[in-house]
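Counting from 6, one number per residue, gives the positions in the sequence shown under my numbering.
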Amino acid sequence: MRVLLAHGSSDSAHAEQVDALAGNVSTLLGDSVTTAFLSDARLPAGAEILPLFLGAGVHVTKDAPALAAVSNCRLLPAFSTQTDAISSLILKNSSQNSIFLLYQTTGFEALQNRLQEHGPVACLHGEPSLTTVLQQQHQAGASGITVQPVLLFPGHSLARVRSMISESAIPDVTVAPVLSELDGFAELVAECFRSAE
6 MRVLLAHGSS DSAHAEQVDA LAGNVSTLLG DSVTTAFLSD ARLPAGAEIL
56 PLFLGAGVHV TKDAPALAAV SNCRLLPAFS TQTDAISSLI LKNSSQNSIF
106 LLYQTTGFEA LQNRLQEHGP VACLHGEPSL TTVLQQQHQA GASGITVQPV
156 LLFPGHSLAR VRSMISESAI PDVTVAPVLS ELDGFAELVA ECFRSAE
């Protein structure tokens with residue numbers, strides 16, 4: 006059995022999207038993929054677990070390994086280890102004046118380093134903030150700015166991004182789709198399972 010391990014619980018705002026992703030990955034693999042969440046007490050015994058996180062924080066280094074160990078599961082390398090593939094997917098879909106918006110810098114250094122070669126990087130939590138980078142780009146004369154949220158799923162964080170853009174009063178700023186909405190995302194997740202075989 007293969008399991009996508011996500012943040013939160015099955016009651017989270019993004020739980021439906023995680024379930025839909027598991028269905029798409031199941032189809033691509035021709036094998037059953039289910040979902041689990043960090044709030045679960047146990048995972049299906051003997052399952053292959055893919056931690057579905059973009060950062061290399063405590064969920065990847067402590068929470069997921071502890072949950073896998075207590076459940077006697079095989080823990081695969083976290084999705085966050087696919088920096089080049091994640092970056093390529095983002096860049097393939099980015100526009101000319103993109104701002105790449107990370108959740109935060111801590112734990113996201115590899116993605117930050119890769120993306121900042123192609124445009125400014127801002128943070129939802131921390132510096133440089135989205136507000137600051139939007140102002141800098143506007144003052145530099147950039148128009149048609151696209152904010153590319155480096156978030157897995159839409160939810161509360163994406164709502165905050167939209168609010169920050171609205172409050173900036175900078176005209177002609179659009180928000181690109183989150184990663185799970187990009188063509189090729191489910192295939193990238195499926196490849197994480199394939200490469201572990």
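Cβ coordinates follow ideal geometry from the N, Cα and C atoms, glycine included. A quick note: this is a predicted structure, and the numbers were derived from the prediction, not measured.
The beta carbon of T110 sits closer than 7 Å to those of Q117, C128 and G131, all from its chain and outside the five residues before and after it, given in chain order. Residue pairing by DSSP puts R7 in a beta bridge opposite V38 and E53.
Residue burial is scored here from C-beta neighbours: E53 has at least 16 other C-beta atoms within 10 angstroms and is therefore classed as buried. Comparing C-alpha distances from S37 to each of A25, A46 and L156 shows the shortest one belongs to A25. Apart from the 5 residues on each side of it in sequence, C78 sits with its Cβ closer than 6 Å to the Cβ of L48, A52 and I54 in its chain, given in chain order. With distances taken between CA atoms, L33 lies nearest to L193 out of G13, H123 and L193. Residue range V126 to C128 is occupied by the beta strand (DSSP E) that includes A127.
Per the coordinates, the alpha-carbon of A71 lies some 13 Å from the alpha-carbon of F42. The C-beta distance from V8 to T39 rounds to 5 Å, short enough to meet the 8 Å contact threshold. Residues A61, S85 and T88 of the same chain have their beta carbon placed closer than 8 Å to that of A115, with the five preceding and five following residues left out of the count. Within its own chain, the residues whose Cβ lies closer than 7 Å to the Cβ of V126, once the five positions on either side in sequence are excluded, are F105, L107, Q117 and L120, listed in chain order. Partner residues in the beta bridge of V152, as assigned by DSSP, are I104 and V180. R47 carries a coil assignment under DSSP once its states are collapsed to helix, strand and coil. Counting C-beta pairs closer than 8 Å gives three or more between the segment 167-181 and the segment 134-152, which meets the contact rule. When C-alpha distances from G13 are compared across A73, L57, A145 and M6, the shortest belongs to L57. Per the coordinates, the alpha-carbon of L81 lies some 10 Å from the alpha-carbon of E202.
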